[in-house]
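Undergrad: Each number in our numbering corresponds to the 1-based position in the sequence shown with 57 added.
Backbone N, C-alpha and C fix where the C-beta goes; we use that ideal spot for every residue, glycine too.
Computed from a predicted model, the values in this text were never measured in an experiment.
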Amino acid sequence: MIKDCSQEAIKIGLRGGQGISWVKALITGGERLEGVTFVAFVRIEPGSSLGYHQHHDDGEIYYIVSGSGDFYTSPDESIPVKAGDMTYLLPGQGHGITNTSTEDLVMLAMVYEDITIEP
Numbered sequence: 058m059i060k061d062c063s064q065e066a067i068k069i070g071l072r073g074g075q076g077i078s079w080v081k082a083l084i085t086g087g088e089r090l091e092g093v094t095f096v097a098f099v100r101i102e103p104g105s106s107l108g109y110h111q112h113h114d115d116g117e118i119y120y121i122v123s124g125s126g127d128f129y130t131s132p133d134e135s136i137p138v139k140a141g142d143m144t145y146l147l148p149g150q151g152h153g154i155t156n157t158s159t160e161d162l163v164m165l166a167m168v169y170e171d172i173t174i175e176p
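#1: So residue 156 and residue 102 are supposed to be a Cβ contact under 8 Å. How far apart are they, rounded?
#2: Does the separation of the CB atoms of residue 73 and residue 108 fall below 7 Å?
#3: Can you find the residues in the same chain that come closer than 6 Å, C-beta to C-beta, to residue 60, ignoring five residues on each side of it along the sequence?
#4: Might you give, ordered along the chain, the residues of its own chain that have their beta carbon closer than 7 Å to the beta carbon of residue 75, omitting 5 neighbours on each side?
#5: So who's on the other strand from residue 169, going by DSSP bridges?
#6: Taking 7 Å as the cut-off, decide whether the C-beta atoms of residue 166 and residue 129 are in contact.
#7: How should residue 134 be labelled, buried or exposed, when 16 other C-beta atoms within 10 angstroms of its C-beta is the threshold for buried?
#8: With DSSP collapsed to three states, give me the class of residue 73.
#9: When DSSP labels each residue in this structure, what does residue 59 get in the three-state scheme?
Right, here's the structure in full:
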């Protein structure tokens, strides 16, 4: 199967965040890999953010492709992230990310059903 994933959708205030982000969805809705419900490239412009939020029944992984920023583990606590870093969250864990650099922050985001991840 081949799917055209070339289109990006503009998102203003993604998940309650600030500024402009772009989402290029690879897997959504009825298209599923076992245990995976959503996969997308997300491009966050400098100074913009993906707001702090939770997936109550799903976990999420971010792989930072380029750029850098602050990854929020709570509304008031963040950890710096950069290209090559991966974050993973279990169902119910809150998270968000802000682009603190002067270039776009590009990440691959994957939402998965409740599965066990061993560190």
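TA: Put simply:
#1: Here residue 156 refers to the residue found at position 99 of the sequence shown. Here residue 102 refers to the residue found at position 45 of the sequence shown. The beta-carbon distance between residue 156 and residue 102, rounded to whole angstroms, is 7 Å. This is short enough to meet the 8 Å contact definition.
#2: For the purposes of this step, residue 73 is taken as the residue at position 16 of the sequence shown. For the purposes of this step, residue 108 is taken as the residue at position 51 of the sequence shown. Yes, the pair counts as a contact, with Cβ atoms nearer than the cut-off.
#3: One-based indexing of the sequence shown puts residue 60 at position 3. Contacts found: none.
#4: Against the sequence shown, residue 75 aligns to sequence position 18. Once the five neighbours on either side are set aside, the close Cβ partners of residue 75 are 105 and 106.
#5: Locating residue 169 in the sequence shown gives position 112, counting from the first residue. Bridge pairing for residue 169: 93 and 116 [DSSP].
#6: For the purposes of this step, residue 166 is identified with residue 109 of the sequence shown, where counting begins at 1. For the purposes of this step, residue 129 is identified with residue 72 of the sequence shown, where counting begins at 1. Not closer than 7 Å, so no.
#7: If you number the sequence shown from 1, residue 134 lands on position 77. That one is exposed.
#8: Here residue 73 refers to the residue found at position 16 when the sequence shown is read from its first residue. It is helical.
#9: What you label residue 59 is simply residue 2 of the sequence shown in a count that begins at 1. For residue 59, the secondary structure class from DSSP, reduced to helix, strand or coil, is coil.
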